[in-house]
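Visitor: I'd like to ask you about the structure that follows.
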Amino acid sequence: MPVTRNTRNVPYYLLGSGAFAQLEELVEARRSLVDGPVFFYVDHYFQHKELSGKLPARPSDTVVFVDTSREPTVEYVDALTEDAKATLKGLTPCCIVGIGGGATLDTAKAVANLLTNPGRAEDYQGWDLVKHPAVYKIGVPTLAGTGAECSRTCVLTNQRRGLKLGMNSDHTVYDQLVLDPSLARSAPREQFFFTGMDTYMHCFESIRGTYRNVIVDRLSESALALCREIFLGSEDMMSDANLERMLVASYLGGMAAGNVGAVHPVSAGLSIVLHLPHGKANCYALAALQDVYPAEYEEFMKMLSHNNIALPPGICANLPDEQYQALYNGVIVHEKPLANALGPEFRNIFSKERLTAMFKSM
Ligand code: ZN
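Mapped onto the working numbering, the consecutive letters of the sequence shown carry residue numbers 103 to 464.
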């Protein structure tokens with residue numbers, strides 16, 4: 103096997119039901135080291151919920167409720183960064199705390215990078231463009247599956263350039279995680295399912311691809327085994343034991359993420375053009391990729407019916423031609439994952455006609 107890329111993982115994590123209570127201690131440790139406030143970025147879903155009353159925030163700190171009704175955009179991250187700079191007046195936060203699902207965790211990562219690096223979010227969309235270490239950051243996932251808590255990227259939509267691309271950098275990795283499965287207990291079932299399935303997609307796409315790595319393969323296999331226990335087992339997918347399994351699966355899958363295949367490009371097209379949330383878009387993508395991934399398609403269909411989750415058809419029916427063109431463009435731009443799944447001839451395999459027919463069938 104060729105030598106792997108020099109790989110960084112999250113250095114510290116706490117795992118277990120009730121771990122959230124230790125956030126205060128972690129934040130206090132940062133206050134004693136750096137003379138700046140704490141910025142909390144919290145999914146707006148929690149704005150009037152119990153959790154927002156439990157934040158270890160002082161009056162000098164800032165709590166930002168992140169709008170997650172859409173995938174994070176470069177403009178949104180730039181605006182949040184400007185707001186933070188205006189509040190900070192030259193200070194640096196002692197710590198940024200991201201609390202939420204993948205969109206919130208990624209937003210907090212992006213702002214942490216931009217507070218120590220000049221320019222705008224889109225300047226850093228790509229690989230290893232972030233020069234200076236980010237603000238210290240703690241991630242608290244409240245919904246598991248995206249792997250955002252441990253990945254080295256933060257996926258941002260850039261409408262102007264028609265792409266979804268993260269700031270792939272070692273500086274994007276969280277410094278500390280608080281993995282508390284009880285935080286997902288109140289999540290809507292559909293959202294839990296769609297988000298959890300992101301782990302399933304990342305891991306099988308990686309194993310089915312041609313870009314391989316022995317550690318990534320093992321992590322992916324373990325995460326897939328957990329997904330099968332959660333989504334095809336005898337317990338409810340949101341039982342306490344499954345909430346914990348999902349956090350572990352997401353964490354392992356997040357460490358394995360990077361080499362996705364054909365599902366993610368199709369999903370990205372759906373998110374760019376129709377603003378479909380990532381997890382749900384993945385599910386529509388796999389449901390239309392039976393010929394590329396026959397075994398996983400079949401297993402996924404069982405997972406849907408086992409958990410009573412529906413994918414109502416017709417999401418791309420009767421769109422104007424420009425939108426089918428935009429969908430095609432939004433898929434085919436993702437050259438690396440498409441080549442990983444389909445080989446160098448991916449443009450011939452995923453022709454405009456074939457993709458258009460596929461979208462019309464969704
Ligand atoms: Zn994903």
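From the three backbone atoms N, C-alpha and C, an ideal C-beta is built for every residue, glycine too. Computed from a predicted structure; not experimentally measured.
Would you call the segment 231-245 in contact with the segment 306-314, where contact means no fewer than 3 C-beta pairs closer than 8 angstroms?
Guide: no
Visitor: Can you tell me which of the three DSSP states F452 falls into?
Guide: The sequence position of residue 452 within the sequence shown is 350, counting from 1. In this structure, F452 counts as coil in the three-state DSSP scheme.
Visitor: Taking one C-beta from the segment 290-307 and one from the segment 260-268 each time, how about it: are there three or more such pairs within less than 8 angstroms?
Guide: no
Visitor: Going by the beta-carbon positions, is the gap between T164 and F141 smaller than 8 angstroms?
Guide: Within the sequence shown, numbered from 1, the residue matching residue 164 stands at position 62. Within the sequence shown, numbered from 1, the residue matching residue 141 stands at position 39. In this structure, F141 lies closer than 8 angstroms to T164 by Cβ.
Visitor: Quick check on M103: does DSSP put it in helix, strand or coil?
Guide: Translated into positions along the sequence shown, residue 103 becomes position 1. In this structure, M103 counts as coil in the three-state DSSP scheme.
Visitor: Alpha carbon to alpha carbon, how far is P422 from T255? Give it in angstroms, no decimals.
Guide: The residue you call residue 255 lines up with position 153 of the sequence shown. The residue you call residue 422 lines up with position 320 of the sequence shown. Looking at the two C-alpha atoms, the distance is approximately 33 angstroms.
Visitor: Quick check on N420: buried or exposed, where buried means 16 or more other Cβ atoms within 10 Å of its Cβ?
Guide: Indexing the sequence shown from 1 puts residue 420 at position 318. By the 10 Å Cβ count, N420 comes out exposed.
Visitor: Quick check: does the Cβ of H273 come within less than 7 angstroms of any heavy atom belonging to the ligand ZN?
Guide: For this step, residue 273 is matched to residue 171 along the sequence shown. For the ligand ZN, not one heavy atom lies less than 7 angstroms from the Cβ of H273.
Visitor: DSSP beta-bridge partners for M269?
Guide: Numbered from 1 along the sequence shown, position 167 holds the residue referred to as residue 269. BP columns for M269 point to G228.
Visitor: Run through the DSSP bridge pairs and tell me what F142 is partnered with.
Guide: As a working mapping, residue 142 is identified with position 40 in the sequence shown. V165, V199, per the DSSP bridge assignment.
Visitor: Go through its chain and collect everything with a Cβ distance to F136's Cβ below 6 angstroms, but skip five positions before and after it.
Guide: Residue 136 sits at position 34 when you count from the first residue of the sequence shown. Just to set this straight, residue 136 is Val in the shown sequence, not Phe. Around V136: C196.
Visitor: Might you give, ordered along the chain, the residues of its own chain that have their beta carbon closer than 6 angstroms to the beta carbon of M460, omitting 5 neighbours on each side?
Guide: Counting from one through the sequence shown, the residue named residue 460 turns up at place 358. Cβ within range, chain order: A390.
Visitor: Using three-state DSSP, classify T175 as helix, strand or coil.
Guide: In the sequence shown, counting from the first residue as 1, residue 175 sits at position 73. Reduced to three states, the DSSP call for T175 is strand.
Visitor: Taking 7 angstroms as the cut-off, is the C-beta of T248 nearer than that to any heavy atom in the ligand ZN?
Guide: Translated into positions along the sequence shown, residue 248 becomes position 146. The answer is yes for T248.
Visitor: In the DSSP output, which residue or residues are listed as bridge partners for P243?
Guide: The residue given as residue 243 occupies position 141 in the sequence shown. DSSP, once it has assigned bridges, lists G202 as partnering P243.
Visitor: Give me the Cβ distance between A250 and G363, rounded to the nearest whole Å; I'm assuming they're in contact under 8 angstroms.
Guide: The residue labelled residue 250 in the question sits at position 148 within the sequence shown. The residue labelled residue 363 in the question sits at position 261 within the sequence shown. Between G363 and A250 the Cβ distance is about 19 angstroms, and since that is not below 8 angstroms, they are no contact.
Visitor: Does the distance from the CB of V166 to the CB of S154 come in under 8 angstroms?
Guide: Along the sequence shown, one-based indexing puts residue 166 at 64. Along the sequence shown, one-based indexing puts residue 154 at 52. Contact: no.
Visitor: By the 10 Å Cβ neighbour count, where 16 or more other Cβ atoms means buried, how is K266 classified, buried or exposed?
Guide: On the sequence shown, residue 266 is found 164 positions in, with the first residue counted as 1. Label assigned to K266: buried.
Visitor: Tell me whether the beta-carbon of S119 lies closer than 8 angstroms to the beta-carbon of D277.
Guide: The residue labelled residue 119 in the question sits at position 17 within the sequence shown. The residue labelled residue 277 in the question sits at position 175 within the sequence shown. Against a cut-off of 8 angstroms, the Cβ pair of D277 and S119 comes out as no contact.
Visitor: Kindly give me the distance between the Cβ atoms of M348 and G298, rounded to whole angstroms, as I take these residues to be in contact under 8 angstroms.
Guide: As a first step, residue 348 is located in the sequence shown; it is residue number 246 there, counting from the start. As a first step, residue 298 is located in the sequence shown; it is residue number 196 there, counting from the start. The pair is a contact, with the Cβ atoms about 5 angstroms apart (cut-off 8 angstroms).
Visitor: Compute the minimum distance between the beta carbon of N270 and the heavy atoms of the ligand ZN, and state whether it is under 7 angstroms.
Guide: To locate residue 270, count along the sequence shown from 1; it is residue 168. Every heavy atom of the ligand ZN is 7 angstroms or more from the Cβ of N270, so no.
Visitor: Could you pull the DSSP bridge partners for T259 from this structure?
Guide: Translated into the one-based positions of the sequence shown, residue 259 becomes position 157. Per DSSP, T175, K266.
Visitor: So what's L388 in DSSP terms, helix, strand or just coil?
Guide: The residue labelled residue 388 in the question sits at position 286 within the sequence shown. Of the three classes helix, strand and coil, the one that applies to L388 here is helix, per DSSP.
Visitor: What separation, rounded to the nearest whole angstrom, lies between the Cα atoms of D225 and L231?
Guide: Here the question's residue 225 lines up with position 123 in the sequence shown. Here the question's residue 231 lines up with position 129 in the sequence shown. One C-alpha to the other measures close to 8 angstroms.
Visitor: Using three-state DSSP, classify Y399 as helix, strand or coil.
Guide: Reading the sequence shown from its first residue, position 297 is the one you call residue 399. If DSSP states are grouped into helix, strand and coil, Y399 belongs with the helices.
Visitor: How would you call L321, buried or exposed, if buried means at least 16 neighbouring beta carbons within 10 angstroms?
Guide: On the sequence shown, position 219 is the one that residue 321 refers to. That one is buried.
Visitor: Between which two residues does the alpha helix (DSSP H) containing V129 stretch?
Guide: The residue labelled residue 129 in the question sits at position 27 within the sequence shown. Counting along the chain, the alpha helix (DSSP H) containing V129 begins and ends at 125-133.
Visitor: From N111 to A359, what does the alpha carbon distance come to, in whole angstroms?
Guide: Indexing the sequence shown from 1 puts residue 111 at position 9. Indexing the sequence shown from 1 puts residue 359 at position 257. So the alpha carbons of these two residues sit roughly 12 angstroms apart.
Visitor: Just to confirm, is the Cβ distance from L345 to F122 under 8 angstroms?
Guide: Working through the sequence shown from its first residue, we reach residue 345 at position 243. Working through the sequence shown from its first residue, we reach residue 122 at position 20. It is not a contact, given that the beta carbons lie outside the stated cut-off.
Visitor: Using only CA atoms, which one of L116, A223, I198, I309 lies nearest to V129?
Guide: Against the sequence shown, residue 129 aligns to sequence position 27. Of the candidates L116, A223, I198, I309, the one whose C-alpha sits nearest the C-alpha of V129 is I198.
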